[in-house]
Amino acid sequence: MGRRFVIMKSLIGVLMGVVIMLLVSSCATVPAEPLGEGELRLLGMQVPEMGNLALGVSYNIYFTFDADGKPEISRACCYWSPEPDRQYCYKVRNVRYDSPGDFSIDLSLPYPDQQTMKCYVDYVRDGKRQRTNAVSSSICGVSR
Numbered sequence: 002m003g004r005r006f007v008i009m010k011s012l013i014g015v016l017m018g019v020v021i022m023l024l025v026s027s028c029a030t031v032p033a034e035p036l037g038e039g040e041l042r043l044l045g046m047q048v049p050e051m052g053n054l055a056l057g058v059s060y061n062i063y064f065t066f067d068a069d070g071k072p073e074i075s076r077a078c079c080y081w082s083p084e085p086d087r088q089y090c091y092k093v094r095n096v097r098y099d100s101p102g103d104f105s106i107d108l109s110l111p112y113p114d115q116q117t118m119k120c121y122v123d124y125v126r127d128g129k130r131q132r133t134n135a136v137s138s139s140i141c142g143v144s145r
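Written out as structure tokens, the structure is:
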């Protein structure tokens, strides 16, 4: 019984460590400091179909954000894990400056494999184009 107790205690410790690491890493993309004047910060993105998107089909991807005031959002750009240098930019639609704010883009999946999609927004702050933080989601492209 003593050996079983030691093994169980070790497993619980390891699992707690994994849970803590996941919680810390899931919050890593959203800075905790207050927004600066005119700043826009992405909070998250919602991908339909639990990320199982069909190739050649257009999907609405929804984003949430915090903003100081109503900065002008010019476009949202996304890139995928196999090709981080190749970015696809989209027209932003239905912007609502609530707390939090939200908007959507229409996106067609360019790759058939499992990937991580990361997106950021270009917006105007003090007359200059700025880039937000990036948010990400797992995507699994499937043929239909």
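Just so we're aligned, residue 2 is where the sequence shown starts under our numbering, counting upward by one. All C-beta atoms, glycine included, are put in the ideal place defined by N, C-alpha and C.
Cα-Cα separation, residue i to residue j
i           : j           : result
residue 38  : residue 136 : 21 Å
residue 95  : residue 103 : 8 Å
residue 53  : residue 141 : 5 Å
residue 25  : residue 56  : Residue placement at residue 25 is flagged as unreliable, the pLDDT there being 38, under the threshold of 50; the coordinate-derived value follows with that caveat. Rounded to the nearest angstrom, the two C-alpha atoms are 33 Å apart.
residue 109 : residue 59  : 5 Å
residue 119 : residue 5   : 44 Å
residue 114 : residue 3   : 47 Å
residue 101 : residue 44  : 8 Å
Contact set for residue i: own chain, Cβ-Cβ below 8 Å, skip 5 residues either direction
i          : result
residue 42 : 31, 32, 36, 66, 67, 68, 133 and 134
residue 63 : 46, 47, 103, 104 and 105
residue 76 : 90, 91, 92, 93, 122 and 123
Beta-carbon proximity list for residue i, same chain, < 7 Å, skipping 5 on both sides
i          : result
residue 87 : 80
Residue i - partner residues in DSSP beta bridges
i           : result
residue 65  : 45 and 103
residue 134 : None; residue 134 has no bridge partner.
residue 123 : 76 and 132
residue 118 : 81 and 138
residue 94  : 105
Close beta carbons around residue i, own chain, < 6 Å, minus the five adjacent residues each side
i          : result
residue 97 : 103
residue 40 : 69
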